[in-house]
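Visitor: Chains as they are written, first to last, in the working numbering: chain A, 1 to 414; chain B, 415 to 694.
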Amino acid sequence: MDRQLIQRGLDRTTLPRFLLWLLPWLLLAAWGGTSATQLFRDGLYHTNMDNRFAFGLWIILDLAIIALGAGAFFLGFMTYLMRRHEFKQVLNTAVIVGFVCYSGAIVTLAIDVGQPVRAWFAFWHANVHSMLTEVTFCITCYLLVLLIEYIPIVLKNRRLRTVPGATVLEFNLHKLMVVFAGVGAFLSFFHQGSLGGMFGVLNGRPFAYREGVGIWPTTFFLFIWSAISAGPSFIMLITMIVQGVTRKKLVDDFVLSRLGRLSGILLSTYIIAKVADTVVWIMVTLPGKGFDAAEFYRSDMFGAWVLFLELTVFGLLPATILLNRRRVEKMPWLIAGGFLTCFGVAFNRFVFTLQTLSVPTMSFDRFMIYWPSQQEWGVLAGVVAYGVILYSLSFRYLNLFPRERELQTTTGSN
Amino acid sequence: MLPTAYEFHWDTGHIVFLGIFYTVLAVVLSTVVVASLRARRDMNKRRESDIAWHESFAEMSTERRTCRHEFDGTFDAKVCGHEFACGNCEQHRALAAAGGGDETTREATLAAAPAAPATPPDSRLYHRGHTWVEARTDGTYDVGVDDLLRSCIGNPDRVTVPGVGTRLMAGTAVADLQRGHVHAHITTPIAGTVVAVGDYEGGRLYRLRPNDGKARLDQLLRATEARVWMLRELELLQARLTRPGEALALADGGELVDDLMGAYPDADWDAILADLCLEP
């Protein structure tokens with residue numbers, strides 16, 4: 001039965017070995033499930049969040065995976081609207097990674113809210129002046145779009161293809177995919193931005209507060225920019241990891257190089273904007289509020305090295321690597337550049353979430369540190385495990401890389 | 415959120431924000447509805463096989479999508495963009511009207527091509543799914559599988575063909591050759607109604623009478639083209655049967671063994687037969 005579900009001509013490991021691979025992830029998922037059950041049953045007191053740290057590990061996770069999942073909408077936009085057809089080779093994987101990231105983020109948010117049965121309040125009693133309302137609406141809609149984009153990939157499963165009508169529905173959905181790509185780009189633009197805007201409008205948190213254009217602070221634009229910089233890199237890294245784990249060539253090398261270069265171009269422009277934003281923040285915004293930037297970098301945990309790391313090691317360095325045409329053709333450089341870019345965007349979300357809340361804002365305040373509880377780590381582990389399991393199942397039973405069969409044949413394996 | 419909800423106000427913020435949100439939702443849902451309605455229309459018009467073929471063709475490797483005019487030497491390299499429906503190809507029609515392209519080049523190419531181990535008989539026309547069609551004097555057509563596919567599968571454990579009276583649509587998988595757990599789904603090269611069932615002698619499967627009296631044969635390869643095509647298919651097959659790290663040896667001449675599945679039991683025959691039969 002297992003064999004009958006695997007696409008013809010695709011070489012996949014045996015079922016026992018595949019189950020063995022899933023086992024540790026299933027254990028992590030079980031830890032996540034247990035933690036989530038405890039939190040739903042007993043409430044959020046199992047976490048180490050409090051009135052000061054209302055945002056913790058889960059929000060960092062949400063922001064990071066939503067930024068990394070931006071590859072789904074951005075590559076859809078590039079393929080269907082900008083007609084860069086070379087990215088079709090990784091589009092299916094981008095959709096699944098996007099689906100994993102967004103569904104994982106929504107599950108985490110549901111746990112974080114602590115009252116999942118009242119989740120519908122966000123829709124029914126929407127506060128249209130809140131950035132979070134916009135985020136809630138857009139993320140939910142975009143998850144629906146990702147689900148619709150996932151369906152044709154599932155319908156192409158070898159077994160499902162034999163079901164009358166499955167191919168016909170897949171064909172017709174695929175013909176309209178340009179609409180979903182457009183809607184996905186529109187929704188993502190706004191919710192990626194609003195996630196940044198959410199910090200930028202915090203008037204009482206000068207570390208995060210930014211001025212901007214109209215109702216949108218600069219963080220609105222910087223979050224979009226950094227997400228579309230990291231998205232292609234993340235898809236490139238995932239593809240390389242899958243190639244490494246399965247020891248198979250799944251896409252042409254030039255596609256990976258182009259993903260890397262695309263990231264490099266976007267990251268270099270982002271880092272210019274980020275430096276300009278930081279300078280304005282230090283020179284204009286903070287003095288206007290009676291603060292000195294140095295005050296925010298005086299703790300043991302958040303020194304000036306944070307800013308240095310963000311701008312140079314996770315900004316300038318990967319941008320320099322990925323902008324270089326020769327370097328992006330060499331896998332080690334591509335991996336280094338891609339990893340630093342992805343880690344950089346996650347680090348940026350970490351800083352915005354945690355340092356914003358750690359730094360004192362009143363004269364009697366002091367730096368505070370938060371460390372997540374076992375249950376918080378459990379939920380994170382569960383979300384990561386869910387992602388790996390869903391991706392592994394998709395890789396085994398669906399045709400994620402359209403060129404795989406051809407590449408396997410031309411490389412001489414059977 | 416809605417005008418009925420107590421927080422709702424008829425102000426710009428609510429109208430713009432919720433207006434955009436509902437528009438997006440309406441676009442997404444109406445697109446899904448349109449796709450579903452189109453799918454139902456296609457099902458009603460019995461376009462399943464056309465769509466399945468369209469999808470299979472798109473997934474085929476470029477080596478398998480070679481234009482027939484590459485086989486006759488008109489082009490050095492050309493990939494078919496018409497799903498092998500040569501009647502829909504303007505270039506093919508122009509070449510056919512002009513007598514089939516550059517005669518000298520074509521003849522030189524065909525003469526230079528070494529004889530395929532299984533030389534196709536001139537009386538037959540060939541479908542890329544390794545089936546052939548042979549016209550009979552009574553207006554019917556015999557359909558069978560070619561020697562390359564027969565050599566691969568050897569002696570099938572089971573041959574399933576459509577019964578007499580079955581109406582077949584061109585391009586649909588209608589027959590099945592089974593050996594062990596592996597199946598070769600055989601596509602019918604032309605449309606028609608089955609008037610007789612063959613005994614698999616010489617690969618013969620069934621006899622068809624075209625539904626409107628005349629079969630559409632323009633997409634099928636002539637024996638001269640099929641000779642070059644078959645040789646390329648053999649090369650692809652040999653590449654698939656070569657183990658990683660082994661050098662590919664293509665010897666001229668020789669004969670195919672009768673039972674390649676028996677000779678190469680470890681090969682991925684499921685995939686190889688799918689490739690030969692143009693299945694996804």
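C-beta atoms are modelled at their ideal positions from N, C-alpha and C, and glycine is treated no differently. Note that this is a predicted model, so its numbers are computed, not measured.
In this structure, how does DSSP classify Glu-295/A when only helix, strand and coil are distinguished?
Guide: Here residue 295/A corresponds to residue number 295 of the first sequence, with the count starting at 1. It is helical.
Visitor: So what does DSSP say about Pro-402/A, is it helix, strand or coil?
Guide: As a position in the first sequence, residue 402/A is number 402, starting the count at 1. Note: Pro-402/A maps to coil in three-state DSSP.
Visitor: Which residue comes first and which comes last in the alpha helix (DSSP H) that contains Trp-467/B?
Guide: Taking the second sequence and counting its residues from 1, one reaches residue 467/B at position 53. Looking at the DSSP string, the run of the alpha helix (DSSP H) that includes Trp-467/B is 462-473.
Visitor: Quick one: give me the first and last residue of the beta strand (DSSP E) that Ala-418/A is part of.
Guide: Nothing about residue 418/A can be reported from this structure: the residues present for chain A run from 1 to 414 only.
Visitor: How far does the alpha helix (DSSP H) with Arg-507/B in it extend, from its first residue to its last?
Guide: Indexing the second sequence from 1 puts residue 507/B at position 93. 504-511 is the span of the alpha helix (DSSP H), which, as asked, contains Arg-507/B.
Visitor: Compile a chain-ordered list of the residues in the stretch 169-194 of chain A whose CB is closer than 8 Å to at least one CB of chain B.
Guide: For the stretch 169-194 of chain A, which is checked against every Cβ of chain B, the residues closer than 8 Å are Leu-169, Glu-170, Phe-171, Asn-172, Leu-173, Lys-175, Leu-176, Val-179, Phe-180, Val-183, Phe-186 and Leu-187.
Visitor: Look at the Cβ atom of Asn-92/A, then the Cβ atom of Leu-400/A, and state whether they are nearer than 8 Å.
Guide: What you label residue 92/A is simply residue 92 of the first sequence in a count that begins at 1. What you label residue 400/A is simply residue 400 of the first sequence in a count that begins at 1. Cβ atoms of Asn-92/A and Leu-400/A: closer than 8 Å.
Visitor: Please go through the same chain and pick out, in chain order, the residues whose beta-carbon is closer than 7 Å to the beta-carbon of Ala-29/A, but skip the five residues on each side of it.
Guide: On the first sequence, position 29 is the one that residue 29/A refers to. Answer for Ala-29/A: Gly-382, Ala-385, Tyr-386 and Ile-389, listed in chain order.
Visitor: Do Phe-223/A and Tyr-150/A have their C-beta atoms within less than 8 Å of each other?
Guide: Counting from 1 along the first sequence, the entry for residue 223/A is found at position 223. Counting from 1 along the first sequence, the entry for residue 150/A is found at position 150. Their beta carbons are not under 8 Å apart, which means Phe-223/A does not touch Tyr-150/A by this criterion.
Visitor: Since I believe Cys-691/B is in contact with His-468/B (beta carbons under 8 Å), could you give me their beta-carbon distance rounded to a whole number of angstroms?
Guide: Numbered from its first residue, the second sequence carries residue 468/B at position 54. Numbered from its first residue, the second sequence carries residue 691/B at position 277. Actually they are not in contact, since the Cβ atoms of His-468/B and Cys-691/B sit about 17 Å apart, beyond 8 Å.
Visitor: Reducing DSSP to helix, strand and coil, say where Tyr-620/B ends up.
Guide: Working through the second sequence from its first residue, we reach residue 620/B at position 206. Of the three classes helix, strand and coil, the one that applies to Tyr-620/B here is strand, per DSSP.
Visitor: Can you tell me whether Gln-115/A is buried or exposed, with buried defined as 16 or more other CB within 10 angstroms of its CB?
Guide: Against the first sequence, residue 115/A aligns to sequence position 115. Gln-115/A comes out exposed.
Visitor: Along the chain, where does the alpha helix (DSSP H) containing Gln-243/A start, and where does it finish?
Guide: Locating residue 243/A in the first sequence gives position 243, where the first residue counts as 1. From DSSP, the alpha helix (DSSP H) with Gln-243/A extends over 218-246.
Visitor: Can you pull the DSSP bridge partners for His-599/B?
Guide: In the second sequence, the residue the question calls residue 599/B occupies position 185. DSSP lists Asp-590/B as partners of His-599/B.
Visitor: Step through the CB atoms of chain B and report whether any lies within less than 8 Å of the CB of Glu-404/A.
Guide: Within the first sequence, the letter at position 404 stands for residue 404/A. With 8 Å as the cut-off, Glu-404/A does not count as an interface residue toward chain B.
Visitor: Cα separation between Val-183/A and Val-441/B?
Guide: Looking up residue 183/A in the first sequence gives position 183. Looking up residue 441/B in the second sequence gives position 27. Rounded to the nearest angstrom, the two C-alpha atoms are 8 Å apart.
Visitor: Is Leu-5/A helix, strand or coil when you go by DSSP?
Guide: Here the question's residue 5/A lines up with position 5 in the first sequence. Helix, per DSSP.
Visitor: When DSSP labels each residue in this structure, what does Tyr-540/B get in the three-state scheme?
Guide: Locating residue 540/B in the second sequence gives position 126, where the first residue counts as 1. DSSP places Tyr-540/B in strand when its eight states are reduced to three.
Visitor: Can you find a CB in chain B that lies within less than 8 Å of the CB of Gly-412/A?
Guide: Residue numbering aside, residue 412/A sits at position 412 when the first sequence is read from its first letter. Because Gly-412/A carries a pLDDT of 49, less than 50, the predicted location of this residue cannot be relied on, and the following value inherits that uncertainty. Chain B contact via Cβ: present.
Visitor: Ends of the beta strand (DSSP E) at Thr-545/B?
Guide: Working through the second sequence from its first residue, we reach residue 545/B at position 131. Thr-545/B -> beta strand (DSSP E) spans 545-549.
Visitor: Just to confirm my understanding: we take Arg-84/A, look at its own chain, exclude 5 residues before and 5 after, and list those with CB closer than 6 Å. What are they?
Guide: To locate residue 84/A, count along the first sequence from 1; it is residue 84. Excluding positions up to five away in sequence, the list reads Met-78.
Visitor: Considering only residues of the same chain and omitting the five flanking positions on each side of Gln-375/A, which have a CB-CB separation below 7 Å?
Guide: In the first sequence, the residue the question calls residue 375/A occupies position 375. So the list reads Ser-35, Gln-38, Leu-39, His-46 and Thr-47, once near-sequence residues are dropped.
Visitor: If contact is defined by three or more beta carbon pairs under 8 Å, each pair taking one atom from either stretch, is the stretch 210-222 of chain A in contact with the stretch 366-373 of chain A?
Guide: Flag = no, the stretch 366-373 of chain A and the stretch 210-222 of chain A do not touch.
Visitor: Give me the residue from Pro-624/B, Leu-651/B and Asp-672/B with the minimum Cα distance to Gly-616/B.
Guide: Position 202 of the second sequence holds residue 616/B. The residue with the shortest Cα to Cα distance from Gly-616/B is Asp-672/B.
Visitor: With Val-609/B as the anchor, note down where its alpha helix (DSSP H) starts and where it stops.
Guide: Locating residue 609/B in the second sequence gives position 195, counting from the first residue. Not the alpha helix (DSSP H): Val-609/B falls in the beta strand (DSSP E), residues 606-611.
Visitor: What are the partner residues of Tyr-555/B, as DSSP defines its beta bridges?
Guide: Reading the second sequence from its first residue, position 141 is the one you call residue 555/B. DSSP output for Tyr-555/B lists Ala-549/B and Leu-622/B as bridge partner(s).
Visitor: For Ala-72/A, which option in Lys-156/A, Val-163/A and Pro-232/A has the closest C-alpha, if you only look at C-alpha atoms?
Guide: On the first sequence, position 72 is the one that residue 72/A refers to. Checking every option, the nearest Cα to that of Ala-72/A belongs to Pro-232/A.
Visitor: So the beta strand (DSSP E) Thr-574/B belongs to, where does it begin and stop?
Guide: Position 160 of the second sequence, counted from the start, is the residue given in the question as residue 574/B. Run containing Thr-574/B: 572-574, per the beta strand (DSSP E) assignment.
Visitor: Give every residue of the same chain whose Cβ lies closer than 7 Å to the Cβ of Ile-6/A, excluding the five residues on either side of it in the sequence, and list them in chain order.
Guide: By 1-based counting over the first sequence, the position of residue 6/A is 6. Hits under 7 Å: Arg-12, Arg-158, Arg-396 and Tyr-397.
Visitor: For Arg-258/A, collect the residues of the same chain with a Cβ closer than 7 Å to its Cβ; drop the 5 residues on either side in sequence, then sort them by chain order.
Guide: For the purposes of this step, residue 258/A is identified with residue 258 of the first sequence, where counting begins at 1. Closer than 7 Å at the Cβ level, and outside the excluded window around Arg-258/A, lie Glu-86.
Visitor: Name the chain A residues whose beta carbon is nearer than 7 Å to that of Arg-452/B?
Guide: Within the second sequence, residue 452/B is the residue found at index 38, counting from 1. Result: Asn-172.
Visitor: Once DSSP output is grouped into helix, strand and coil, what is the label at Leu-634/B?
Guide: Your numbering for residue 634/B matches position 220 in the second sequence. Here Leu-634/B sits in coil by DSSP.
Visitor: Using a cut-off of 7 Å between C-beta atoms, extract the partners of Pro-217/A located in chain B.
Guide: Here the question's residue 217/A lines up with position 217 in the first sequence. Neighbours of Pro-217/A on chain B: none; closest Cβ ~18 Å, over 7 Å.
Visitor: If the cut is a Cβ gap below 7 Å, which residues of chain A does Val-448/B touch?
Guide: As a working mapping, residue 448/B is identified with position 34 in the second sequence. Ordered by position in chain A, the residues that pass the 7 Å Cβ test against Val-448/B are Leu-176.
Visitor: With 16 as the cutoff for other CB atoms within 10 Å, does Tyr-370/A come out buried or exposed?
Guide: As a first step, residue 370/A is located in the first sequence; it is residue number 370 there, counting from the start. When all chains shown are included, Tyr-370/A counts as buried.
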